[in-house]
Amino acid sequence: MRALIAIDWGTSSLRGARLSVTGQVLESREFARGILTVPPGQFEAVFNELFGDWMAAPHALCLISGMAGSRQGWQEAPYCPCPAGFAELGQHLLWLQADRIALVPGLSCMNPDTLNTPDVMRGEEVQLFGALQLAERNTATLVLPGTHSKWVQVEHGRVTRFSTFMTGEVYALLSQHSILGKTLDLNGTFDETAFLQGVDQSQQAGSVLNKVFAVRTLGLFERLSAAVLPSYLSGLLIGEELRHQNVPPAQGPVILIGSDALTLRYTLALRHLGIACQSRGAEATWAGLHALATKLTNKP
Numbered sequence: 001m002r003a004l005i006a007i008d009w010g011t012s013s014l015r016g017a018r019l020s021v022t023g024q025v026l027e028s029r030e031f032a033r034g035i036l037t038v039p040p041g042q043f044e045a046v047f048n049e050l051f052g053d054w055m056a057a058p059h060a061l062c063l064i065s066g067m068a069g070s071r072q073g074w075q076e077a078p079y080c081p082c083p084a085g086f087a088e089l090g091q092h093l094l095w096l097q098a099d100r101i102a103l104v105p106g107l108s109c110m111n112p113d114t115l116n117t118p119d120v121m122r123g124e125e126v127q128l129f130g131a132l133q134l135a136e137r138n139t140a141t142l143v144l145p146g147t148h149s150k151w152v153q154v155e156h157g158r159v160t161r162f163s164t165f166m167t168g169e170v171y172a173l174l175s176q177h178s179i180l181g182k183t184l185d186l187n188g189t190f191d192e193t194a195f196l197q198g199v200d201q202s203q204q205a206g207s208v209l210n211k212v213f214a215v216r217t218l219g220l221f222e223r224l225s226a227a228v229l230p231s232y233l234s235g236l237l238i239g240e241e242l243r244h245q246n247v248p249p250a251q252g253p254v255i256l257i258g259s260d261a262l263t264l265r266y267t268l269a270l271r272h273l274g275i276a277c278q279s280r281g282a283e284a285t286w287a288g289l290h291a292l293a294t295k296l297t298n299k300p
C-alpha cells in the first residue's frame, strides 16, 4: 500500500489527510479554500502550496474527491453512471498526473420518481463507501443531510439509485428571504418539541406549501413563539423529505453521514417515525478514499 494523501475539495472548504497504510489519519489540514476561492488555472498551484510537502513522500498517491472534479473545479471528471461500486469508480478516475494524482468522478443516475430525470453527486460517493466499510455492511439506505440532502440505496456494495432533496436550501430561503423571516427568531436555540411538532404536521394529508404558510399564522396567533418557529419549520421540511422515503426494514438501520449538527435532526425525526438509524462523521470520507486506494493498489 502506497502512502495516501486523501483530499476532500468542496465548494467552500478544502480538507486533507495523510493516511497510514491501515487507513489511520496521521495528520490532517483544513482550509477555507473551496473551489470558488481558486482563480481559473490556479488549482495545481494552490494544491502544491498546501499539500506539496505531503506529496514529496516516495510513491505518494493522492485521491481528490468533491467539487474539484466539477466543471468549475480543477478539471471536469465525467460522472460515473450507476449502478456503481469501487470497481466502477476506479475505472472512471481522472488522472491529473499518471498513477500519482487523480480526481474521483462522482456518480449519476436516472431517477424513476421524477420521470427518469438525471441526478448527480460529487464527494458523497466516497463518504457512502467509507461509511459502509466502517459499518461492515454492503447493503443499506444511507442519508447525507445538508443543503442538498441525498437518499441513497446501496445493494451488494454498489449504488443502485439515489435522490436529492433541496431541504437545507429551501429552509435557508424561506427563513431568510421570505415573509416567514419576519416571524422567525433565528437567534433562538433548537427546540426539540417544536421540531417534532413540525415532523408530525408533515405526515398529515395536504400540500406542503399550505403547511409552510401556516408557520407564519402560528406565529401571528401566538400558537408558537418566534423563538421555536425555526425548529418547527425545520421539522416540517425534514419531515416532508422523510414522508417520501421507503426504507426496507430488512436492510438494517439507516446510515446518516455528516456532522453532529447535521445528523441530530434527522436522527430525531427518523426515530420519532419509528425508523432505526446510526450516524457517521468526517471519518467516512477518509475511510472511503483509503478503501478506494486499496482497491487500486491491490488489483492484479
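Reading the sequence shown from the start, the letters are residues 1 to 300 in UniProt numbering. In this text, a Cβ means the ideal position worked out from N, Cα and C, and glycines have one as well. The model shown is predicted, which means the values in this text are computed figures rather than measured ones.
Cβ pair residue i, residue j closer than 9 Å
i, j, result
"Leu93", "Arg2", "no"
"Phe129", "Leu292", "yes"
"Cys80", "Glu124", "no"
"Leu296", "Cys277", "no"
"Ala227", "Gly198", "no"
"Ala77", "Gly106", "yes"
"Leu103", "Ala68", "yes"
"Gly219", "Leu184", "yes"
"Phe190", "Arg265", "yes"
"Thr83", "Glu136", "It is worth fixing the name first, because residue 83 is Pro in this sequence and not Thr. Against a cut-off of 9 Å, the Cβ pair of Glu136 and Pro83 comes out as no contact."
"residue 319", "Gly168", "Lying outside 1 to 300, the shown extent of the chain, residue 319 is not represented and no answer is given."
"Leu237", "Ser207", "no"
Spatial distance of residue i from residue j (CA atoms)
i, j, result
"Met166", "His148", "4 Å"
"Pro200", "Gly85", "Looking at the sequence itself, residue 200 is Asp, so the reference to Pro does not match. Using only the alpha carbons, I get a separation of about 36 Å."
"Glu30", "Arg15", "4 Å"
"Gln133", "Gly288", "7 Å"
"Gly157", "Arg216", "45 Å"
"Cys109", "Ala56", "38 Å"
"Tyr232", "Asn48", "46 Å"
"Ser279", "Leu196", "19 Å"
"Ala32", "Val46", "12 Å"
"Thr37", "Trp74", "12 Å"
"Ser20", "Leu96", "23 Å"
"Glu192", "His272", "11 Å"
"Leu4", "Arg18", "6 Å"
"Thr114", "Asp260", "31 Å"
"Ala98", "Glu44", "15 Å"
"Ser70", "Ile64", "12 Å"
"Leu209", "Gly181", "16 Å"
"Asp119", "Lys150", "10 Å"
"Phe22", "Leu142", "Checking the displayed sequence, the identity of residue 22 turns out to be Thr instead of Phe. Approximately 25 Å, taken between the alpha carbons."
"Pro112", "Glu241", "17 Å"
"Thr160", "Gln72", "27 Å"
"Thr164", "Ser28", "30 Å"
Burial state of residue i, where buried means 16 or more other Cβ atoms lie within 10 Å
i, result
"Ile179", "exposed"
"Val170", "buried"
"Pro230", "buried"
"Phe162", "buried"
"Gly41", "exposed"
"Gln153", "buried"
"Ala6", "buried"
"Tyr274", "Per the sequence shown, residue 274 should be read as Gly rather than Tyr. The residue is exposed, with fewer than 16 neighbouring Cβ atoms inside 10 Å."
"Ala269", "buried"
"His290", "buried"
"Leu173", "exposed"
Close Cβ partners of residue i (< 6 Å) along its chain, the five nearest in sequence each way excluded
i, result
"Ser12", "Gly34"
"Ile101", "Cys62"
"Gln204", "none"
"Pro253", "Ala276, Cys277 and Gln278"
7 Å Cβ shell around residue i - same chain, five flanking residues per side excluded
i, result
"Leu262", "Pro145 and Gly146"
"Gly66", "Asp8, Trp9, Gly10, Arg122 and Gly123"
"Gln127", "Leu144, Ile257, Ala284, Thr285 and Gly288"
Close-in-space but distant-in-sequence residues of the same chain around residue i (CB under 8 Å, 5 per side omitted)
i, result
"Pro249", "none"
"Ala87", "Lys295"
**Study point:** Every unbroken beta strand (DSSP E) within the stretch 129-174, with a cutoff of 3 residues, ordered by chain
**Key:** Here the runs fully enclosed are 140-144, 149-155 and 158-165.
**Study point:** Contiguous beta strand (DSSP E) assignments of at least 3 residues, all confined to the stretch 36-119
**Key:** When DSSP assignments are scanned along the stretch 36-119, the uninterrupted stretches of beta strand (DSSP E) that are 3 or more residues long and fall wholly within it turn out to be 61-66, 94-97, 101-103 and 107-111.
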